[in-house]
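Chemist:
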Amino acid sequence: MVKEICYKLNKSSMLYKRLMSKHLEEMNITYAQLMVLRVIDAEPGITAKEILLQMDTDKATLSGVISRLERDNYIYRVQNDKDGRVRNIYVSEGSEKLCADVNVIEEACMKELMSGIKEEDAEHFLHVLDMFIANQVRKIDEKF
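Quick note: the sequence shown uses full-length UniProt numbering, first residue 1, plus one each step.
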């Protein structure tokens, strides 16, 4: 049963990315760019290395995403005062409208996706997912 749960969670995640990518295409931004933008928005001044620790991606992919976001003026980088090799990343004013527009689209998608699902069922599902994730994290942290 665990294998089926993992498969369905992965499939749901993949389908959600596809759905959002369809909407984001009209805004000339990819799902990966949006995820990175959200991390930067949540933690102004974050470094690329810190973003790598939070996201499931590799250094080359992240570098390309950050470069495109900077090229399109959604973010900007500032040299770190303490370490000149490090650059802190911030969202630009232009990305605020993009994030607001995406939030509207995402809310509409969520409403459609949750159609026919009772709020109490969704809350229970979230609770079970939280436990499932906690168990996975605990197993990852265990020594073999």
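Idealized CB from N, CA, C, for every residue including glycine.
Around the Cβ of I140, are there at least 16 other Cβ atoms within 10 angstroms (buried) or fewer (exposed)?
Modeler: Per the 10 Å Cβ criterion, exposed.
Chemist: Starting from R87 and walking both ways along the beta strand (DSSP E), at which residues does that stretch end?
Modeler: 87-91 is the extent of the beta strand (DSSP E) around R87.
Chemist: Provide the residue(s) that pair with I75 in DSSP beta bridges, ordered along the chain.
Modeler: According to DSSP, which records beta bridges pairwise, I75 is partnered with V91.
Chemist: Is it buried or exposed, S13, if we count other Cβ atoms within 10 angstroms and call 16 or more buried?
Modeler: By the neighbour-count rule (16 or more Cβ atoms within 10 Å), S13 is not buried but exposed.
Chemist: I think L34 touches L24, with their Cβ atoms under 8 Å apart; what is that distance to the nearest whole Å?
Modeler: L34 to L24, Cβ: 6 Å. Contact.
Chemist: Mind checking V128: buried by the 16 CB within 10 Å criterion, or exposed?
Modeler: By the 10 Å Cβ count, V128 comes out exposed.
Chemist: Distance, Cα to Cα, V39 vs A100?
Modeler: So the two alpha carbons sit approximately 15 Å from each other.
Chemist: Can you tell me which of the three DSSP states I46 falls into?
Modeler: Strand, per DSSP.
Chemist: Can you tell me which of L15, M55, V86 puts its alpha carbon nearest to the alpha carbon of C109?
Modeler: Answer by Cα proximity: L15.
Chemist: Going by beta carbon distance, what residues of the same chain come within less than 7 Å of N103, once the five residues before and after it are set aside?
Modeler: So no residue of the chain qualifies.
Chemist: Identify whether I66 lies in helix, strand or coil by the three-state DSSP scheme.
Modeler: Here I66 sits in helix by DSSP.
Chemist: Taking the straight line between their C-alpha atoms, what separation do you get for N80 and Q54?
Modeler: Whole-angstrom Cα-Cα distance: 20 Å.
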